[in-house]
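Residue numbers (mature numbering (1 follows the signal peptide of the UniProt record, and there is no 0)): -16 to -1, 1 to 375. Every residue gets a Cβ at the ideal spot worked out from N, C-alpha and C, and that includes glycine.
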Amino acid sequence: MYIALLLSFFPLSTLAITIPLSTSGASFIDATGTKFNYAGVNWPGHMGAMIPEGLQYQSIASIVQSIKKLNMNVVRFTYSTQMVDEAITGTVDAKSGVLKALGEKNGAPIWAKIVEKNRFPEGVTRLQIFDKVAEELGKAGILVHLDNHISKAMWCCGGNDGNAWFGDRDFDTERWIRGWKFMANHTKSWPTLASYGLRNELRSPDGNANLKSTYNWDVWTRHVKNAAQTVNRENPNAIIFLSGLGFDTDFSIVTNGKFKKEEWPTKKTALELHRYDDKKNNIKECSGFASSLDRSGWGAMKLESSKAMPVVMTEFGFAQDGKAFQTPYAQCLKTYFKQNKAGWIYWVLSGSYYDRSGKQDSDEEWGLLKHDWSDVRDNRTISDYIMKLSR
Ligand SMILES: *[C@@H]1O[C@H](CO)[C@@H](O)[C@H](O)[C@H]1NC(C)=O
Ligand SMILES: *[C@@H]1O[C@H](CO)[C@@H](O)[C@H](O)[C@H]1NC(C)=O
């Protein structure tokens, strides 16, 4: 009776998850051995200003409260390798990135708002702002999944954006590894740091004919394994997420049995996949969609326990317009997550961006939050969909 009463006030899903995490077959377990699912949202920090988005409108603490109200347990927090390269070579000042991204004239008043909302001290560095986000998420008991989203700090991703594949114009493989070494060390003291996503949406380097012949699973295995081992040495507690080919829609190497799980960090390796509603594969009903997800790599959760791995949908999303959540795409995903006890991380939290592809104060119609990050954008999508996703 007492316990039942307590649980009705504190549903299980909001109880704290204790780190470090491990994998067990297709599941994640926390430090107490309790199974749980990732349930969260992406918060971008990888774009041109090289600091987390939204801070000219709301303080970090109040954005974290908005996430908490959505009953989420994780934030996929994105960074660019460029931000780390500059930290290593000595350009650390957060203000400079904002002025560079927005120009002196537009950047100065935005920087003033960021400082005012967040009471940042003079000379605050980019990494100190990342640390502050991690600190507030930690206080709220929300896990941090740190994601290397792109090399050059900007909106992602295209086949010919120079960041598609190892060795692409702006994707220096050595710097990527160096950046991970730095970040894995730097973030191991974050209070709820749970996992790392090694590289977002690897894809065919369409702008780079010479490199295209190296776009295959062998090259993938060489580089991604090196990164996984590097990160695992720096911070052995964290789970490491691998991202597949084709903008992270393809993990056939796992479902076809060629992936050697035993060669990767033990009980610390998981997979992430993305899926958006693309017009080509117009989704009409759930069973065909579910089979296509299984074939694309989600079947990894259904292998025998010694081979099975957890998979998390670290990006999926749609317009927050009260309608898109009713499409077969959104509804079938909801069913799939529940049936497969699969984790999910919605794209995206942002109500707006400092700058997206040259457009300043760009509105994000897929954002869970309104343009000024003050409240949710569409109550109906939140109450009838986001809050009802399995946890
Ligand atoms: C690891 O991170 C800590 C905290 O940021 C820092 O003081 C230390 O110098 C770093 N070590 C290396 C080897 O980078
Ligand atoms: C959403 O609901 C809250 C209260 O539940 C209300 O304050 C807010 O104005 C609503 N927002 C929108 C966009 O309808």
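Rounded to whole angstroms, what's the CA-CA distance from residue i to residue j? Just pull it up for me.
i: Thr176; j: Glu288; result: 31 Å
i: Tyr313; j: Glu299; result: 13 Å
i: Phe155; j: Ser50; result: 34 Å
i: Lys372; j: Thr233; result: 25 Å
i: Asp345; j: Ser336; result: 6 Å
i: Ser334; j: Glu349; result: 9 Å
i: Lys286; j: Ala292; result: 6 Å
i: Ser358; j: Ile237; result: 43 Å
i: Arg364; j: Gly306; result: 6 Å
i: Ala254; j: Phe225; result: 5 Å
i: Lys242; j: Phe235; result: 11 Å
i: Asp69; j: Ile329; result: 27 Å
i: Leu229; j: Lys354; result: 33 Å
i: Gly191; j: Ile35; result: 28 Å
i: Val82; j: Tyr41; result: 14 Å
For residue i, which residues of its own chain have a beta-carbon under 8 Å away from its beta-carbon, when the five flanking residues on both sides are left out?
i: His170; result: Leu111
i: Ser276; result: Asn265
i: Thr16; result: Thr2
Identify, in the order they occur along the chain, each residue of the same chain with its Cβ nearer than 7 Å to the Cβ of residue i, setting aside the five sequence neighbours on each side.
i: Thr121; result: Residue 121 is actually Leu in this sequence, not Thr. So the qualifying residues of the chain are Val48, Val59, Val128, Thr176.
i: Leu195; result: Trp149, Gly151, Asp152, Pro189
Is residue i near ligand 1, judged by its Cβ being under 6 Å from some heavy atom?
i: Asn184; result: no
i: Asn132; result: no
i: Asn169; result: yes
Apply the 10 Å Cβ neighbour rule to residue i and answer buried if 16 or more other Cβ atoms are within range, or exposed otherwise.
i: Arg103; result: exposed
i: Tyr260; result: exposed
i: Lys89; result: exposed
i: Lys101; result: buried
i: Arg217; result: exposed
i: Ala33; result: buried
i: Thr7; result: buried
i: Thr18; result: exposed
i: Pro93; result: exposed
Counting only the same chain and skipping the five closest in sequence on each side, list residues whose C-beta sits under 6 Å from that of residue i.
i: Trp282; result: Val295
i: Tyr63; result: Gly29, His30
i: Glu269; result: none
i: Ile134; result: His30, Ser64, Cys140, Asn147
i: Arg187; result: Gly143, Ala148, Phe231
Provide the residue(s) that pair with residue i in DSSP beta bridges, ordered along the chain.
i: Val128; result: Val59, Leu177
i: Arg340; result: Lys343
i: Ala23; result: Trp328
i: Phe155; result: Phe155 pairs with nothing; no bridge assigned.
i: Val296; result: Glu256, Gly327
i: Thr16; result: Its beta-bridge partners do not exist; DSSP assigns none.
i: Asp77; result: Thr109
i: Val360; result: Leu353
i: Ile223; result: Ser179
Any beta carbon from chain B within less than 7 Å of residue i's own beta carbon?
i: Met293; result: In the structure shown, chain B does not exist; there is a single protein chain.
Taking 6 Å as the cut-off, is the CB of residue i close to at least one heavy atom of ligand 3?
i: Phe12; result: As far as ligands go, the structure on display features ligand 1 and ligand 2 and does not contain ligand 3.
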